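Everything below concerns the one structure shown next.
In the working numbering, the protein residues as written are 1 to 139.
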């Protein structure tokens, strides 16, 4: 079975989708819908436990300009059940960035972005914490 997550940027317009299979838990496919192509294949060392798209920033101006600006800032975060979070900026040549959690006693099993995309809510089996990522990354 396959899990598919979408990133909605402007109502009714989807730029990227991601998918990962329960048969191959360590890989994450990022698809570019506009170009109908595979944008990235992210291969993790451990099985991917949770995936979350960074919410699109509010962009004013022409729809075409908004699409271009938002596409360049798209990012996806994922965790693997360890004390690290990984963030992949779509179009980045450097690959996912690894972020160590200051409270490394937490094994992160689920994550989600704040509505403004600056902070991640991280959930372990017995605890919750937040991680401010806008100052750590260029997302």
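We put the beta carbon where it would ideally sit given N, CA and C, even for glycine.
Because the structure is a prediction, the values reported are computed rather than measured.
Q: Return the chain-ordered list of same chain residues with a C-beta closer than 6 angstroms to the C-beta of residue 40, the five sequence neighbours on each side being excluded.
A: Close CB contacts of residue 40 within its chain, under the 6 angstroms cut and outside five residues either way in sequence, are with 30 (chain order).
**Q.** Other residues of its chain near residue 79: CB distance less than 6 angstroms, five sequence neighbours each side excluded
**A.** 49, 50, 85, 108, 111
Q) Helix, strand or coil: which one does DSSP assign to residue 135? A) coil
(Q) Would you say residue 41 lies against chain C (beta-carbon separation less than 8 angstroms)? (A) In the structure shown, chain C does not exist; there is a single protein chain.
Q.
Going by C-alpha to C-alpha distance, which of 101, 87, 56 sits closest to residue 140?
A. The shown model of the chain, from 1 to 139, leaves out residue 140, and the question about it has no answer.
**Q.** Status (buried if at least 16 other CB within 10 Å, exposed otherwise) for residue 90
**A.** buried
Q | Whole-angstrom distance between residue 134 and residue 119, CA atom to CA atom | A | 7 angstroms
**Q.** One or two residues paired with residue 108 in a DSSP bridge
**A.** The partner list for residue 108 (beta bridge, DSSP) is empty, contrary to what the question assumes.
Q) Hey, out of 106, 95, 129, 77, whose CA is closest to residue 117's CA? A) 77
(Q) Using only the alpha-carbon positions, how far apart do residue 32 and residue 38 sit? (A) When rounded, the distance between both Cα atoms is 6 angstroms.
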